[in-house]
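Residue numbers (the working numbering): 1 to 437.
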């Protein structure tokens, strides 16, 4: 099988395109089942965040796999992705592997080092496991990505700063309004991004300033929980009009899959700054046409970073060798899958010979158990070096040739079913190349 990734991300598509591809958290489980039912999709996982929607798949035929992903968007979202081909990206084989490793490391994020992505990659795998759409290949791929992400973040210093989209939005707003902390601020939403924003304001505000912050959420239980934790005033959705009348600055991050605030909601208000960090967007982009309102979304945060340009270059240089090493390790594992049937049958054959010899000498009496243990250990030691050498070869042609020799010498019959576990791969590299769908 081959690995591919297809989707949109902030580097290839503006927010107005990304939100067309976006999947809400509650939709992904059913999306996985629809996707796996498409032709040629053997395994699949979907990574969806405010900056990307990426489908990872294990396929036997990449052409069929890419067409099936296109079909999936039509079936599940009613979206014909053909008009958006210039915004989509498709990576195959080792490029797909390298891409996920970069994503998990925080190197492909809107804000370099963004820490939430590692948890999102972990949840992507967990959901695919629960829905039984992640098999041997994607399970190993995502677990390897998590390992790589933790290593890069730790060894390069990326984890030294708690970087997030919410933090970038907070700093962005302060850059645009030096008096932000003294403004009347409203936060709409109750998810992770909204809560991070609440925490940031609480850390930087005096009690008097905190009294000017209000939180709006549809769920009364969630609203009560947040207000108890951060000490802000809470308002339910039916009180939104009152909140908008009072607020000067508005941050929006709900889980709604559509616009919840239109142009009419801002006309005649005293609102000066609106930051919409939801994808799909929750604020109608036409609000920006109003003369008194500055409206920003996640795409506007691209220039906000927790690391200087020199620090970013140094981090990327340090991470490059780690990524190459981890990509090679993963590809080595993939190549080793091709000899698993041979090694399995070889061990089975040797074990059957051992068992037959023990059975033929059942009159050994008290020595039987000792000979059983010794012979078992002897076989393990004899087969150890051939197993390690066969799995560690860096040339797939050599692996096939050596496996073929073992099959012939030991008269091992590899069925078509077991031989299908072979995974042809090519030499890994980290170029961000793509092919069209």
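Note that the Cβ used here is the ideal one computed from N, Cα and C, for glycine as well. None of the values given here were measured: they were computed from a predicted structure.
- Taking 9 Å as the cut-off, the beta carbon of residue 100 is found closer than this to the beta carbon of residue 145.
- Membership of residue 2 in the beta strand (DSSP E) is indicated by the continuous run 2-9.
- Secondary structure note for residue 227: its alpha helix (DSSP H) is the uninterrupted segment 220-230.
- Comparing C-alpha distances from residue 344 to each of 136, 103 and 384 shows the shortest one belongs to 384.
- The three-state secondary structure of residue 297, taken from DSSP, is strand.
- If you check the CB distance, residue 72 and residue 7 do not come in under 9 Å.
- In the DSSP secondary-structure assignment, residue 234 is bridged to 215.
- Distance from the CA of residue 184 to the CA of residue 17, rounded to the nearest whole angstrom, comes to 32 Å.
- With respect to the 9 Å criterion, residue 194 and residue 166 are classified as neighbours on the basis of their beta carbons.
- Around the C-beta of residue 56, 16 or more other C-beta atoms lie within 10 Å, and the residue is accordingly described as buried.
- Note: residue 251 is bridge-paired with 187 and 275 in the DSSP secondary-structure output.
- When the beta-carbon positions are compared, residue 25 and residue 36 stay at least 9 Å from each other.
- Closest option to residue 169, judged by alpha-carbon separation, among 60, 50 and 265: 50.
- The C-beta separation of residue 107 from residue 316 comes to about 7 Å, placing the pair in contact by the 8 Å criterion.
- One Cα belongs to residue 9, the other to residue 52, and the distance between them is close to 4 Å.
- Our two residues, residue 96 and residue 331, have alpha carbons roughly 12 Å apart in a direct line.
- If only uninterrupted beta strand (DSSP E) runs of at least 3 residues are considered, those enclosed by the segment 30-56 are 41-49.
- In terms of CA proximity to residue 268, 242 leads the group 228, 281, 242 and 276.
- For residue 213, the closest alpha carbon among the candidates 368, 68, 279 and 181 is that of 181.
- Taking a 10 Å sphere around the C-beta of residue 78, we find fewer than 16 other C-beta atoms and assign the residue as exposed.
- By a beta-carbon distance limit of 8 Å, residue 281 contacts residue 297. Their separation comes to about 6 Å.
- For the 9 Å CB-CB criterion, residue 232 and residue 209 do not form a contact.
- Straight-line spacing of the CA atoms in residue 323 and residue 102 works out to 8 Å.
- Here the C-alpha atom of residue 410 lies approximately 17 Å from the C-alpha atom of residue 380.
- Under DSSP, residue 163 shares a beta bridge with no residue.
- Distance between residue 302 and residue 249, taken at the CA atoms: about 21 Å.
- Per DSSP, the unbroken alpha helix (DSSP H) holding residue 245 starts and ends at 240-246.
- Residue 346 holds the alpha-carbon nearest to the alpha-carbon of residue 413 among 346, 245, 206 and 363.
- Assignment of beta-bridge partners to residue 58 by DSSP yields 3 and 43.
- The C-beta distance from residue 254 to residue 278 rounds to 6 Å, short enough to fall under 8 Å.
- Residue environment: residue 93 is assigned as buried (16 or more neighbouring CB atoms within 10 Å of its CB, all protein chains considered).
- Excluding its 5 nearest sequence neighbours in each direction, residue 354 has C-beta neighbours in its own chain below 8 Å: 375, 376 and 379, listed in chain order.
- When the beta-carbon positions are compared, residue 74 and residue 2 stay at least 9 Å from each other.
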